[in-house]
Amino acid sequence: MAGPAKAVGLGQTFCSPADQRAAAEGSGCAGLCKAPPMTGPDRPRSSSQWFAIPACLLAGAAFAQTTAPAARELPEAIQRSLDTIEDMSFSYAHPGFFALLGYVKTAPQPPGHAGGAVEVEDWRALLERSADFRGAAVLIEGVVGRQRAWELTRAEQRELGPVWELSLQRPDQPIVCKLLLTENADDVPLGATVRATGYFVMIQQYYSETNRLRQAAVLVAAGPTRVSAAAPPHASGRLPVRWIGALVAAIVGLLIAWLLLRHAAGPHAAGAGPLRASQPPPFSVAEDLAAWAAEREEENAEDLAADGQLSDEQRKSR
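Each residue of the sequence shown is one higher than the one before, counting from 32 in the working numbering.
Okay, here's the thing in structure tokens:
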């Protein structure tokens, strides 16, 4: 057990062995906790050394609060099985994972009921110290980037039912968190902000859509604690970039089509008026048509006169 912090010889700060180990692990005390040889008489410290003392203590306390896992609350048999899991695997095929899934599905209490869950804001702590968090209740928050449901294929595992997988991501984190839920999560939309408490299982490797090897922290929970719906796509009142691009392309296309039609119509298309012949015809049929029409009128008149005489003669004979 680390002893209390105490003052030592010349040029040293108030750092206990525990603080020195934290400095070696990369906490905020790195470079401040030193152990120079204890030679020479003690003398008053400089002001910079006195200010380094609370800075070291506060940094060590903050590091412990953000990275120390909560107390284990899982049954001992399940915890022992989880402790045998090796990270960087591509599958969930491990007895500890199946045992934890069944426990969460039937447990009356949610994860973190024993003493609260530790909130991990920097997911790199799960990646770098996965063994310290394995089986602990962890609270995370992220944006849903992918959602899918799947079932276990083996007959002895089908009784566990379907599993809903939410892939949570944040732009400031190098890994994603796969949240495996035993309750239905079909109504959780993509882009929603999810806050959930689950039992940390392992760091898993997988290939992304771009065929790149990535890492994910796997947590098992019954369901999300809080879901904040994603903002509607037109909440800002402005058109999306893709719609603006399509509109500009349509306007440019119409302008080009109008210029092509104008060029094909010729230079006089804009001032087009009644059509007129540029030169007189070589011959005219107007006189021939007039003569033919006069002949037809005379023939019609003779026919009508003949019909009228025939009618008079018939009336007289009667």
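The C-beta atom is built at its ideal place from N, Cα and C for all residues, glycine as well.
- Annotation: S309 is outside any alpha helix (DSSP H) and is labelled neither H nor E by DSSP.
- Around the beta carbon of S161, 16 or more other beta carbons sit within 10 angstroms, so the residue counts as buried.
- Contact check for G254 against L212 passes: the beta carbons are separated by less than 7 Å.
- The residue among W181, D118, M233 and L199 with its C-alpha nearest the C-alpha of L131 is M233.
- Contact annotation: V174 and Q200 have beta-carbon atoms nearer than 7 Å.
- Within a 10 Å sphere around the beta-carbon of W289 sit fewer than 16 other beta-carbons, which makes this residue exposed.
- L157 has its alpha-carbon roughly 30 Å from the corresponding atom of R185.
- Taking C-beta atoms as the reference points, P142 and Y230 count as a pair closer than 7 Å.
- Counting of Cβ neighbours within 10 angstroms places T228 among the buried residues, the total reaching 16 or more.
- Nearest to T256 by alpha-carbon distance, out of R245, A223, I282 and G276, is A223.
- Inter-residue distance for D203 and L292 is about 54 Å (C-alpha atoms, whole angstroms).
- Among the bridge pairs identified by DSSP, K209 is matched with S198 and V249.
- DSSP places A295 within a helical segment (H, G or I) once states are collapsed to three.
- DSSP places Y134 inside the alpha helix (DSSP H), whose first and last residues are P126 to T137.
- DSSP, read as helix, strand or coil, puts Q236 in strand.
- The DSSP-derived three-state label of G284 is helix.
- Cβ atoms of K136 and L191 come within 8 Å of each other, at about 6 Å.
- F121 is not bridged by DSSP to any residue.
- When C-alpha distances from G127 are compared across D114, W323, M119 and D118, the shortest belongs to D114.
- Boundaries for E182: no beta strand (DSSP E) harbours it, and the DSSP string shows neither H nor E there.
- The DSSP-derived three-state label of L170 is strand.
- Contact between A148 and L170 holds, with the beta-carbon distance rounding to 4 Å and staying under 8 Å.
- Taking a contact as a CB-CB distance under 8 Å, the pair W154 and C208 counts as one, their CB atoms being some 6 Å apart.
- At a Cβ-Cβ threshold of 7 Å, A168 and W195 do not count as neighbours.
- Contact between E172 and R226 is confirmed by a C-beta separation of about 4 Å, below the 8 Å threshold.
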